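Residue 10 is where the first sequence starts when you use our numbering, and the numbers rise one by one after that.
All C-beta atoms in this analysis are idealised placements derived from N, C-alpha and C, irrespective of residue type, glycine included.
As the structure is a computational prediction, the values presented were derived from the model and not from experiment.
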Amino acid sequence: MSDSEDDVPLMQRAAAPSAKSTPKTAPKAAAKPAAARPQSNGRKAASKKPETEDEDDVESEEPASSSESEEESDSDSDVPLASRRKSKSPSGGAKRKRATPKRESASAKRSKREPGSSKTGQVMWKTLRHCGVLFPPEYEPHGVKMLYDGRPVDLTPDQEEVATMFAVMKDTDYMNKPIFLKNFWDGFKEILGRNHVIKSLDKCDFTPIYDWHIAQREAKKNMSKEEKDRLKKEREEKEAKYKVAYVDGRCEPVGNFRVEPPGLFRGRGEHPKMGKIKRRVYPRDITINIGENEAVPEHPYPGQTWKEIKHDHTVTWLAYWKDTISSKDYKYVFLGATSTFKADSDLAKYEKARKLKEIIVDVRRNYERDWDSSDHRKRQMAVALYFIDKLALRAGHEKDEDEADTVGCCTLKVENIEIEADNKVKFDFLGKDSIRYENVVEVHPKVYKNLEKFRRIDSTGKKKQGSDQLFETFDAQDLNKELKNIMDGLSVKVFRTYNASITLDRLLAELEASKKGKAAQTVDEKKADYDIANKEVAILCNHQRSVPKTHTNQMEKIQEKLQLLNTELKELEEELAAAQKGKSDKKSSVESLQSKIAKKKQAIFKVELQARSKEDLKTVALGTSKINYMDPRITVAWCKRNDVPIEKIFNKSLLGKFNWAMDVEPTFRF
DNA sequence: GGCAAGACTTGGGGACAGTCAG
DNA sequence: CTGACTGTCCCCAAGTCTTGCC
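Here's what the structure looks like:
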């Protein structure tokens, strides 16, 4: 376990069994990948409204026109995307023709709802009945006073509530983020009102509230079992009716029926809005979707009415409200993962990926051909699609100034890739959730050539900066539009699904083949094989997790245990040797010693395996690909072929979610 | 025809509950 | 029996992608 590998990016560890952690997100302030921190790239700077002083509470103005134009500097063909923003005329012309309207086909087979395409305006349900949403309890003031300048301060319940939100975050990393502190202070200041004694955050001391919070938590922990059980039962009774909805008469689970409680916004990465106050959501904020003939759900706020009652049969949500942090975001209440809606669309997703498999050879041939195109845009798109296909990158849509600065394939910046020797290219950027993607890949020489150029100059021959777009001639939407021409319903993310699933399928098959004729494996060994394949997929998709806080500790413990076991083994062996020298009436003790030794060895083997896998997986998250990317039918079929109980691989909720896949034939291949 | 609203999937982390070893 | 560890579920943020509308 040398530490030397600690910097090896996840991607490159696929083959190296004992590789070590990789810095997962950009390390806090320190060593950010040079790539990651752009400054103004000019790209969209223009079109964002200047962060109004957080329009206090209620709407007041819709997001309305967030589209100021300006920019528009002249020359708009060949304009770098920055200015294309507005006028999208594809510079290179290249009239693409419209995707074939799939409307027809969709509504044609209406009777058996086409899975997952609620979007085409088709009917998703005939009757819909549910009890709405569950509101969090109202705030109960605790009366504990924070200090200002060393002196206790009286706060109104509203103020105290906000102070408490902040106080309880004391030992999080957010306390070290200036943006968080500033945003919080702006919100707190406003709630305090103009003439409050509290004038600055610096002199605030929230410790009394924090201590109170800790004490509360402690008290809760120390409640008697009976008390806990009683509370739990009460809670469950209150929640029961929200947990299900009736769709066309069928009882279906509701996913997130709870309204989000107020709190401080915790964005990921360097989110410009972190620390803002997420205000309480009331019935007047919430739109309910329900059948025409059903009772309107009740709520605990007598003076209020729901914002709106809708009967929209073309969507699957039960309720939604506008996010209080970002006015262009919505929060939805959907059915749970085991519902028919979700199962149908899950199946549709994988079937689409399998359709891609049918034509992938052509797709590849086409983009490979386009690497030589005289059309600059075409060439760029072909390279981008190559990355998406080969590396399973996300599309990468445009982002606003008021979101964390992360990228995907189409939004890669020049500084996110480096050209190395031997056709190698190094990627280094922050992707979704500000998770760092670091990978060195050998690419096709033609791609390499193209990249050298894309990094240096744009389509008009103008020199590029590090913060400029690598692909300045198109965006994710443009690319998706092209994909529609290739295959009905094809989009960038289908490639990710396809690649994950096909990889799992291939690896499992290879492992099976390699074990043919060898000694039979135990179920645990087979499961270990599965995990190896799973891990490979997770690495492909860059599904990382942070090293568990207790990891080092745990590893040390395991090592200690291992040492102990080894010592014991040695002792046993010595005893055995002694016994064997002794007289024959010690026969029984010899046998018992031998069996003890065998057991001990087994125990050691098991612990070693555990240690290895723990170390190996400390930065890899297997769950995400299992839940979202790998066709469950591959897994089910593999289990059937290999006599592995499916419960070994899928936990209870996965079993429920993938119920639709359980009947698959053992011979199923993706 | 293009943008943004709207709807749905994907994502990591943390709380909590269940389990296991000592 | 208890405290540490592990596996699950929930939370809600952050993506993707399509349609609806101007």
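Judged by their CB atoms, VAL268 and CYS260 are not nearer to each other than the 8 Å cut-off. Taking the Cα positions, MET178 is about 7 Å away from MET184. DSSP places ASN298 outside any alpha helix (DSSP H); the residue lies instead in the beta strand (DSSP E), whose first and last residues are 295-298. With distances taken between CA atoms, VAL171 lies nearest to ASN192 out of LYS186, ARG160, ASP158, ASN192. Within a 10 Å sphere around the beta-carbon of PHE614 sit fewer than 16 other beta-carbons, which makes this residue exposed.
Annotated three-state conformation of GLY632 is helix, per DSSP.
Linking GLN486 to PRO454 through their CA atoms gives a straight-line distance of about 27 Å. Under the three-state reduction of DSSP, GLN313 is assigned to coil, being neither helix nor strand. Per DSSP, the continuous alpha helix (DSSP H) segment holding ARG465 begins and ends at 454-465. Under the DSSP assignment, LEU573 falls in the alpha helix (DSSP H) whose first and last residues are 560-590. Judged by their CB atoms, ARG277 and ALA404 are not nearer to each other than the 8 Å cut-off. In this structure the segment 495-514 lies against the segment 624-642, because at least three pairs of beta carbons, one per stretch, are closer than 8 Å. Per DSSP, reduced to three states, the secondary structure at TYR359 is helical. If you check the CB distance, PRO262 and THR136 do not come in under 8 Å. In this structure, the alpha-carbon of ASN375 lies about 28 Å from that of GLU424. In this structure the segment 620-636 touches the segment 555-567; the number of beta carbon pairs closer than 8 Å is three or more. Here DSSP, grouped into helix, strand and coil, assigns VAL370 to helix. Of the residues assessed, SER233 falls on the exposed side of the cut-off, its CB having fewer than 16 other CB atoms within 10 angstroms. If you draw a straight line from the Cα of THR323 to the Cα of GLU301, it comes to about 14 Å. For the pair ILE444 and ASN551, the CB atoms are nearer than the 8 Å cut-off. In this chain, the alpha helix (DSSP H) harbouring ASN508 covers 501-524. PRO145 is the residue among ILE286, PRO145, MET174 whose C-alpha sits nearest the C-alpha of ASN265. Sixteen is the threshold: since fewer than 16 other Cβ atoms of the shown chains lie within 10 Å of the Cβ of THR469, the residue is exposed. Residue environment analysis places SER634 among the buried positions, since at least 16 neighbouring C-beta atoms fall within 10 angstroms of its C-beta.
The DSSP-derived three-state label of ARG226 is helix.
Where PRO262 is concerned, the enclosing beta strand (DSSP E) starts and stops at 259-262. Taking all protein chains in view, the Cβ of LEU240 is surrounded by fewer than 16 other Cβ atoms within 10 Å, so the residue is classified as exposed.
DSSP places TYR148 outside any alpha helix (DSSP H), giving it a letter other than H or E. Counting along the chain, TRP194 sits inside no beta strand (DSSP E); it lies in the alpha helix (DSSP H) bounded by residues 187-201. Within the same chain, and ignoring the five residues on either side of GLY475 in sequence, the residues whose Cβ sits closer than 6 Å to its Cβ are VAL423, GLU424. Contact check for LYS364 against MET496 passes: the beta carbons are separated by less than 8 Å. Under the three-state reduction of DSSP, ARG277 is assigned to coil, being neither helix nor strand.
Between the alpha carbons of VAL532 and GLY130 lies a gap of roughly 47 Å. Excluding its 5 nearest sequence neighbours in each direction, ALA352 has C-beta neighbours in its own chain below 6 Å: TRP669, listed in chain order.
Looking from the CA of TYR457, the closest CA among LEU439, ASP477, ALA430 belongs to ALA430.
If you check the CB distance, ARG386 and PHE504 do not come in under 8 Å.
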